[in-house]
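For the sequence shown, this note's numbering assigns the number 14 to the initial residue and increments by one for each residue that follows.
Think of the CB as a built atom: it goes at the ideal place given N, C-alpha and C, for glycine as much as any other residue.
Notes for the one structure printed next.
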Amino acid sequence: MEHTNLHETKIHGSPAFPYSVYHGRIPEWIPAFPLHWHESFELIYCDSGTLCATLWGRSYTLCVGDLLVILPHAVHSIEQAGAAEGEYFNIIFAPSLFKGAEGDPCYDKYVLPFVNDQRDMECFHPAGTAFSQAVTPCIQSLIAHRAESSSTGELIVKSGLFQLLYTMIQHSAPAEGNIRTLHLAYSRLKNALCYVQDSYDQAVTLSEAAGRCGFSESYFMKLFKDFTGKSFNAYLVDYRLELAAKQLSETDYKVIDVAENCGFHNHSYFSRAFHRKYQMTPLAYRKAAPLDGK
């Protein structure tokens, strides 16, 4: 069953112009976008309502006009904030867009420090803060021109991105040693996330997950809880349930087969866990969602 890659390698836009603006609406269009990371810069701009995002294990609630800046390689997710609905835009662009001619010192001087975790900045910027006020006009311009950005709007896109980069530099500082150490440890936890993604339908053990990250079990459990906000076992069950919900809404597999496909070999436990998460039985969930998932 197809599912979201944790390490996103998709080229946003085109190889020649790796930039895109996406429009999202939670939960009407998508219930959540699970933990993942990529090599691009990303901005999440809340356009209406409320939504929740996590970055490096920390949760943020975004309201209208709020911004979240996501640097390359940072692990993040987007989900519904309680019962609230939210509409947002993702602006995603590759660092290579800032590369000039050979010998141009700007890329190495201003962009690579963000890519290499040598420079850091506050990621959450509520509406009305200095950073938000400085960049919101260019963000709104990028959103307004998103339809023609890869064909006739390249100049206005690049001008906006360079203005954004300039403001990011003004609001950043060299990364402190403890931040870099924590991010390095968190990066090693990506191995555990990939282990779950690759083996969710098999026997998954905490000891194997900790070993793949190079941590003792006790340290792994603490770090993983800090990183994801839940225990490793809770994360595993939640991941399996989300895949089960996807199969229930998009296929006509029997409920018992869905449970087996997603690693639940005890049907009663699957039904109880599914009801706790979605407040309905698997069969009721299927009836509430058409097979085409729309």
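Pick from the options that is closest to residue i, judged by C-alpha positions
| i | options | result |
| --- | --- | --- |
| A186 | S281, M134, A160 | M134 |
| E92 | E255, Y282, Q146 | E255 |
| A257 | E230, R299, N246, M234 | R299 |
| A13 | F127, G190, S109, G242 | Here the chain covers residues 14 to 307 and nothing more, so residue 13 does not appear. |
| Y73 | E167, E189, H89 | H89 |
| P85 | D117, L125, G116 | L125 |
| V170 | I104, K259, A114 | I104 |
| A66 | S33, V271, Y291, F137 | F137 |
| T264 | F245, F283, P295 | P295 |
| L174 | E41, P40, V82, A272 | V82 |
| D302 | W42, A198, E55, R289 | Correcting the residue identity first, residue 302 is Ala in this sequence and not Asp. A302 has its Cα closest to that of W42, out of W42, A198, E55, R289. |
| H184 | Y282, L219, R132 | R132 |
Per DSSP, the bridge partner or partners of residue i
| i | result |
| --- | --- |
| P187 | R132 |
| I192 | In the DSSP output, where bridge partners are listed per residue, I192 has none listed. |
| Q93 | L64 |
| L84 | DSSP lists no partner for L84. |
| N103 | Y35, I57 |
| F283 | In the DSSP output, where bridge partners are listed per residue, F283 has none listed. |
| H20 | W50 |
Own chain partners of residue i with C-beta closer than 8 angstroms, once the 5 adjacent residues on each side are dropped
| i | result |
| --- | --- |
| Y208 | V217, E221, A222, R225 |
| R201 | C226, G227, F228 |
| L219 | E230, F233, M234, F245, N246 |
Cα-Cα separation between residue i and residue j, rounded to whole angstroms
| i | j | result |
| --- | --- | --- |
| F46 | Y252 | 12 angstroms |
| P44 | L261 | 14 angstroms |
| Y123 | L178 | 8 angstroms |
| A1 | T241 | For residue 1 there is no data in the structure shown, the boundaries of the chain being 14 and 307. |
| R38 | A107 | 24 angstroms |
| G166 | R193 | 37 angstroms |
| P40 | V250 | 21 angstroms |
| P118 | W50 | 27 angstroms |
| L48 | G113 | 32 angstroms |
| L19 | L68 | 14 angstroms |
Residues of its chain near residue i, where Cβ-Cβ distance is below 7 angstroms and the 5 sequence neighbours each way are ignored
| i | result |
| --- | --- |
| H36 | F102 |
| C59 | L75, C76, V77, G78, D79, G99, Y101 |
| D214 | N274, C275, G276 |
| G26 | Y32, S33, S163 |
| A198 | L236 |
Boundaries of the alpha helix (DSSP H) in which residue i is found, first to last residue
| i | result |
| --- | --- |
| V148 | 143 to 157 |
| G166 | Here G166 belongs to no alpha helix (DSSP H), and DSSP marks it neither H nor E. |
| S262 | 245 to 263 |
| Y32 | Per DSSP, Y32 belongs to no alpha helix (DSSP H); it is in the beta strand (DSSP E), 32 to 39. |
| G224 | 219 to 226 |
| L296 | 295 to 301 |
| T241 | 230 to 241 |
| N274 | 268 to 274 |
Residue i - containing beta strand (DSSP E), residue span
| i | result |
| --- | --- |
| F46 | 45 to 49 |
| S72 | 71 to 75 |
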